[in-house]
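Residue numbers (the working numbering), protein chains in the order written: chain A, -19 to 236; chain B, -19 to 236; chain C, 58 to 369; chain D, 58 to 369. As structure tokens, the structure follows; a few thoughts come after it.
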Amino acid sequence: MKKHLLTVVSNKEIAHRIFELKLSGPGVKMMVTPGQFLHVKVGEHTSKLLRRPLSICDVNLEKEEVTLLYRAQGEGTIQLSEKQSGEKVDVLGPLGNGFTSETINLGKRALLVGGGIGVPPLYYLGKKMTDKGIKVSFVLGFQSKKDSFYLERFQELGETRVTTIDGSLGINGFVTDAMGPLLEDEPSIYSVGPAVMLKAVEEKAAGLDGYLSLEERMGCGIGACFACVCPTDTRESGYVKICSDGPVFKMGEVVL
Amino acid sequence: MKKHLLTVVSNKEIAHRIFELKLSGPGVKMMVTPGQFLHVKVGEHTSKLLRRPLSICDVNLEKEEVTLLYRAQGEGTIQLSEKQSGEKVDVLGPLGNGFTSETINLGKRALLVGGGIGVPPLYYLGKKMTDKGIKVSFVLGFQSKKDSFYLERFQELGETRVTTIDGSLGINGFVTDAMGPLLEDEPSIYSVGPAVMLKAVEEKAAGLDGYLSLEERMGCGIGACFACVCPTDTRESGYVKICSDGPVFKMGEVVL
Amino acid sequence: MNRLNVNLPGLQMKNPIIPASGCFGFGKEYAKWYDLSVLGGVTIKAATLEGRFGNPTPRVAETESGMLNAIGLQNPGVKKIMEQEIPELEPYHIPILANIAGSTEEEYIEVTKQISSHPLVSAVELNISCPNVKEGGIQFGTDYKSAASLTRKVKAASSKPVYVKLSPNVANIVEMALAVEEAGADGLSMINTLIGMKLDWKTGTPILANKTGGLSGPAIKPVAIRMIYEVSSKVSLPIIGMGGVSCAEDVIEMMSAGASAVAVGTANFVNPYVCPEIIEKLPALLDDIGIDQISELTGRSTVKWKTPLSSR
Amino acid sequence: MNRLNVNLPGLQMKNPIIPASGCFGFGKEYAKWYDLSVLGGVTIKAATLEGRFGNPTPRVAETESGMLNAIGLQNPGVKKIMEQEIPELEPYHIPILANIAGSTEEEYIEVTKQISSHPLVSAVELNISCPNVKEGGIQFGTDYKSAASLTRKVKAASSKPVYVKLSPNVANIVEMALAVEEAGADGLSMINTLIGMKLDWKTGTPILANKTGGLSGPAIKPVAIRMIYEVSSKVSLPIIGMGGVSCAEDVIEMMSAGASAVAVGTANFVNPYVCPEIIEKLPALLDDIGIDQISELTGRSTVKWKTPLSSR
Ligand SMILES: Cc1cc2nc3c(=O)[nH]c(=O)nc-3n(C[C@H](O)[C@H](O)[C@H](O)COP(=O)(O)OP(=O)(O)OC[C@H]3O[C@@H](n4cnc5c(N)ncnc54)[C@H](O)[C@@H]3O)c2cc1C
Ligand SMILES: Cc1cc2nc3c(=O)[nH]c(=O)nc-3n(C[C@H](O)[C@H](O)[C@H](O)COP(=O)(O)OP(=O)(O)OC[C@H]3O[C@@H](n4cnc5c(N)ncnc54)[C@H](O)[C@@H]3O)c2cc1C
Ligand SMILES: Cc1cc2nc3c(=O)[nH]c(=O)nc-3n(C[C@H](O)[C@H](O)[C@H](O)COP(=O)(O)O)c2cc1C
Ligand SMILES: Cc1cc2nc3c(=O)[nH]c(=O)nc-3n(C[C@H](O)[C@H](O)[C@H](O)COP(=O)(O)O)c2cc1C
Ligand code: FES
Ligand code: FES
């Protein structure tokens, strides 16, 4: 848990408004757990003060290079998308509890379900799992074909089913409409996306074990400001902090 | 009077915290009058909203290149000093009433007196005057040797006397301590600097004709906000706006 | 049909964008930059009975995402404004909102009588919230009883609709708004500047000669949005919203909070073309959010909301 | 001699830098980032009698050079705080300022009794200015009579010095400060957040589930400086200043305005190391301006000043 000044290796648009940002620096060594995130400052003199939480999408330890995929939608990520190679980016991290090895070793088969910008962390997770000999398959949901990204890479790791809300690619509908067949061999479930999607996934995969990664607007990103709490019945306190207790939680642990 | 997006040709430190910024673009064509200024935005996403008024120090019309000299002292100019070649700078201008040709043609001899960051506009003024066959001499005041700049260039235009407050270069003292000898052939006076200095120059040159360029904190820079007024007895309104009526005024016209 | 037009008492405007008082001089300076006839209307600088020179300089200071000003109601006096300034705006055929200030009820009343009688003046903006002069009316702006009394008298003296410009430097903005509504105001302008100060850390002394000044710019927008939201849900007067608006998105946000028109102040200093640029961009944004008529935006925030996160 | 040390009632601090309440949790989170013993002191999150879960999310929104928060005084209750949270700070040997909130005078009094009795608590910060809960004490914070009455009772119930934390959402901050001074407060903390709001322009709905929230960060610093300046010239209580402080220069500005110590809130989110970095930089800045002892800064702005321009 540290503050790093990483150097932009590349920062390019790989799909509609989706940017692939590669950062390098000694700090990358620590980024070994999928599902953890970096808390990214979008600029030095900017009026946008708050950091943006972005998931670790891939890491190359030899090159000390971390990859983030983000959608340039709001003013902060749009500013981030203007960063040129060679510029510095101030990040905190790796933060949060990601998909730890215990979490990963639930079983021999895993189904990874992601929606929109919930997809990036599943790539690093899938890689780690295949390294461990776990058979992974993916369901990735996007708004539309132009918003989709990294599909070939996911296919290299395992069977990948894509859904789009406008039907322009893969199955027309939501991720839950594509999960069915992949649930038959009772995989453990790993899902990242907006709360509404996670809720649907949880219901669809009822009875199976798994982990969910939550999203919430954050202040500090390190557990101090109580911006990102989520109610739970499983802890005496009655809540968890997504930034520091999560973002990854056991299915059913938190009230979505 | 326009808004231009100019391109940074170069932006380098030529003396202690003094930067020479060369900007190019079609807009430069309009920048023909010395003493006018550009109202410069220091960044795009910055929390520093107000523009910085910077005087035109030199112009190359063929290359469509304007030179500004500024001291990176406060947060805005420090941000400006981080601009790299190729980046864009948003400027308004040329603004204000500078040293017009009538103003310049007061006589055959001119003494140009500048203090600190009041020095830059005198270079463009001196050039225009020598072009017109006017004999120019300069008195340039700095805090100390390390703060001085452009001396050789001024010498190319005419006799140049330098004063420093710590005596590390030229005459030890204020500009007024060096003016004496140069006043003998009764030149017309042109002076730019902080109010205290202009006041002293006015007294020292009592009896001579001349023009002064004033400084004040500005809002709009175009005469709309009344931030930059200066009292005068010579106008019915009782005031002038430095940004639009000035920054150049006839000696004695405004109350310093 | 013009999808941007809005109609407020005395102000029939082809779009809701009006430069804010004191940030646009008397118009002629910006007329050198663009054709003012594109504007919905224009608010002119505060008029007092006699001319005022205002405060010593420095009169402005920069703050994070904002600025402080202490101009001090400098103006040539109502007579000169009517004779020399207002006529210059005639060619643009846009509604003129005349901002007025004073030290006493009598001064306010007299200025109102005179300026509201000018054929080119569409409405009067009663500035009871200038923080920068001991007698700029702020005393009326923070006590709702005197605000109501002044409003009643000015309204009686005015031959044009009266908008009361509220100060945000109060504990209860709704109470103030209700008081002036009850007193007969035709509309509200909000917000004026927050009182602020900046010191030079090196010398430890105030940057402004007046020491304190009015804080404006994007920094105060959240306060403006909150106050407009609160007031619009309790008061039935049209609101000219202002405070930190710098882009078309801000205009939509402020109208959603309850404003019927939007004034742009400080942003004019950052970009002299900001008003025409906003006006040009608005239709595209309305398309994005599926709104036909911009006036439909007013107060839509009060409908039940969902969290932005799950709406991704 | 330590040139940074400052002494306030109950707070003997080796430097004037204190993390602000609610922005530093109960300390242990930041203890993972640096050794808290470098701090002048620490303010812990508001304690109420019973545990509170706080508001629904989203609880934060970003604004220009600032942020809105509506946490809603989430805390485990005074008992757990005393048993589980405060002891974790013991190893750092720094003064602890315990921020307390409540819905009723009785709750405030009971929380004060309990928490002030904790051996590690150096002083109590009476939060009568939380804008984010209907019953977070803001009702005490905007009416000076109830503020005074509450202060008197809390002071009587407290075995440690009491700092009253003032709300900036008032028309007359000096009146409020005088009232609590008169009522026996040992010091003031100012300012709490301004009430603000942000809407999602696309949906027209508030970003915060609570709709309104507290505005903090550099955007509000000019308001904080102004209020501290006004109050310090009228009131003889020591002031813990806060509001937008993000660097060592800001600390010097705020102390010059009249603060005796400075709390840092939002800036911790931007840079978790901001407090130690400020503390490290202060001596060099004091050298620049020729000040030996940092406490000499307090209130220097009130000495006759000259314009920054001519001082170039
Ligand atoms: C643990 C975690 C991991 C994430 N990983 C990724 C990722 O890998 N790729 C990606 O594109 N996005 C990711 N997100 C979402 C991402 O943080 C937001 O899209 C981003 O912060 C929006 O910033 P903006 O400048 O575009 O929007 P703005 O509207 O300018 O943001 C304003 C404020 O709201 C916050 N905010 C707005 N939307 C969201 C959101 N959906 N979630 C959290 N905060 C939000 C911002 O952080 C900022 O503080 C993740 C979020 C979390 C919580
Ligand atoms: C007509 C005119 C011409 C000028 N020409 C030059 C020049 O050629 N080279 C140069 O180095 N400087 C020049 N100056 C001064 C220059 O504008 C200021 O040094 C600069 O604005 C300071 O900005 P900052 O970010 O360094 O300081 P900050 O303290 O960050 O500035 C904060 C605010 O105060 C204003 N301000 C601060 N100091 C001054 C000042 N001395 N004069 C006017 N505004 C100030 C800034 O514009 C800004 O709005 C000129 C000023 C005027 C009025
Ligand atoms: C330089 C300046 C001068 C102003 N003068 C006046 C004035 O004369 N009368 C008035 O009612 N408001 C005046 N205001 C306040 C603005 O009209 C507006 O209410 C405020 O600045 C908030 O809007 P903004 O953030 O868009 O600037 C002035 C503001 C500034 C910055
Ligand atoms: C997320 C957050 C939570 C806060 N919680 C409290 C609180 O519990 N009690 C309190 O008195 N002030 C609270 N505050 C106000 C701060 O202590 C401080 O007064 C205010 O944020 C201004 O300082 P800043 O601009 O440095 O943040 C909170 C502020 C923030 C941003
Ligand atoms: S973001 Fe601050 S506690 Fe999670
Ligand atoms: S800076 Fe606005 S009038 Fe001169």
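We put the beta carbon where it would ideally sit given N, CA and C, even for glycine.
Considering only the beta carbon of each residue, do residue i and residue j sit closer than 8 Å?
| i | j | result |
| --- | --- | --- |
| T105/C | E164/C | yes |
| S61/B | F(-1)/B | yes |
| V69/A | V8/A | no |
| A320/D | I285/D | no |
| P174/A | G76/A | no |
| N64/C | N72/C | no |
Nearest to residue i by alpha carbon, out of the options?
| i | options | result |
| --- | --- | --- |
| D243/C | N229/C, V292/C, V327/C, Q141/C | V292/C |
| L30/A | S122/D, I309/D, G270/D | S122/D |
| C37/B | G56/B, G78/B, K68/B, K28/B | G78/B |
| V119/B | Y170/B, K112/B, T83/B | Y170/B |
| I145/B | G226/B, G121/B, R(-3)/B, T26/B | G121/B |
| Y50/A | P33/A, V39/A, K43/A | P33/A |
| M177/B | N152/B, I151/B, G218/B, L236/B | L236/B |
| K268/C | I128/C, G98/C, T100/C | I128/C |
| S(-10)/B | C210/B, L48/B, G54/B, G15/B | L48/B |
| N226/C | I252/D, K202/D, K222/D, A240/D | I252/D |
Is it the case that the CB of residue i approaches a heavy atom of ligand 1 more closely than 7 Å?
| i | result |
| --- | --- |
| S106/B | The residue you asked about is not Ser; residue 106/B is Gly in the sequence shown. Answer for G106/B: no, Cβ out of range of ligand 1. |
| E195/A | yes |
Compute the minimum distance between the beta carbon of residue i and the heavy atoms of ligand 2, and state whether it is under 7 Å.
| i | result |
| --- | --- |
| Y50/B | yes |
| T57/B | yes |
| S61/B | no |
| S171/B | no |
Could you check whether the Cβ of residue i sits closer than 7 Å to any heavy atom belonging to ligand 4?
| i | result |
| --- | --- |
| G84/D | no |
| T120/C | no |
| A155/D | no |
| E222/D | The question names Glu, but residue 222/D is Lys in the sequence shown. Yes, ligand 4 has a heavy atom inside 7 Å of this Cβ. |
| L102/A | no |
CB of residue i to nearest heavy atom of ligand 6: below 7 Å?
| i | result |
| --- | --- |
| K221/B | yes |
| S289/C | no |
Taking 7 Å as the line, does the beta carbon of residue i fall inside it for any heavy atom of ligand 5?
| i | result |
| --- | --- |
| F206/A | yes |
| S224/A | yes |
| G203/A | yes |
Could you tell me if the beta carbon of residue i falls within a distance shorter than 7 Å of some heavy atom in ligand 8?
| i | result |
| --- | --- |
| G199/A | Ligand 8 is not part of the structure shown, which contains ligand 1, ligand 2, ligand 3, ligand 4, ligand 5 and ligand 6 as its ligands. |
Let me check you understand the geometry: is the CB of residue i closer than 7 Å to at least one non-hydrogen atom of ligand 3?
| i | result |
| --- | --- |
| T323/C | yes |
| I371/C | As displayed, chain C neither begins before 58 nor continues past 369, which places residue 371/C out of reach and without an answer. |
| A103/C | yes |
Which ranges would you report for the alpha helix (DSSP H) in the stretch 85 to 147 of chain B if only whole runs of at least 4 residues count?
Runs of alpha helix (DSSP H) with 4 or more residues, each lying fully within the stretch 85 to 147 of chain B, are found at 100 to 111, 131 to 137, listed in chain order.
May I ask you to list, following chain order, the residues of the stretch 240 to 259 of chain D that have a beta carbon less than 9 Å from some beta carbon of chain C?
L251, I252, G253, M254, K255, L256, D257, W258, K259
Residues from the stretch 179 to 199 of chain A in contact with chain D, defined by Cβ distance under 8 Å:
E196, R197, M198, G199
Determine which residues of the stretch 122 to 156 of chain C have a Cβ less than 8 Å from any Cβ of chain B, and write them out in chain order.
Correct list: S122, G123, M124, N126, I128, Q131, P133.
Residues of the stretch 0 to 26 of chain B with a CB closer than 8 Å to any CB of chain A: list them in chain order, please.
Residues passing the 8 Å Cβ filter: G23, H25, T26.
Interfacial residues, the stretch 54 to 67 of chain A to chain B, with Cβ spacing under 7 Å:
Within the stretch 54 to 67 of chain A, the qualifying residues are Q59.
Listed in chain order, which residues of the stretch 196 to 224 of chain B have Cβ atoms closer than 8 Å to some Cβ of chain C?
E196, R197, M198, G199, C200, G201, I202, G203, A204, C205, F206, A207, C208, V209, C210, P211, S217, G218, Y219, S224
Which runs of the alpha helix (DSSP H) fall wholly inside the stretch 196 to 271 of chain D and span at least 4 residues, in chain order?
Entirely contained in the stretch 196 to 271 of chain D, the alpha helix (DSSP H) runs reaching 4 residues are, in chain order, 201 to 214, 230 to 239.
Contacting positions in the stretch 300 to 322 of chain C - beta carbon closer than 8 Å to chain D:
Listed in sequence order: G301, E306, D307, I309, E310, S313, A314.
For the stretch 274 to 286 of chain D, which residues have a CB atom closer than 7 Å to at least one CB atom of chain C, in sequence order?
From the stretch 274 to 286 of chain D, only P275, A276, K278, P279, V280, I282, R283, Y286 have a Cβ closer than 7 Å to chain C.
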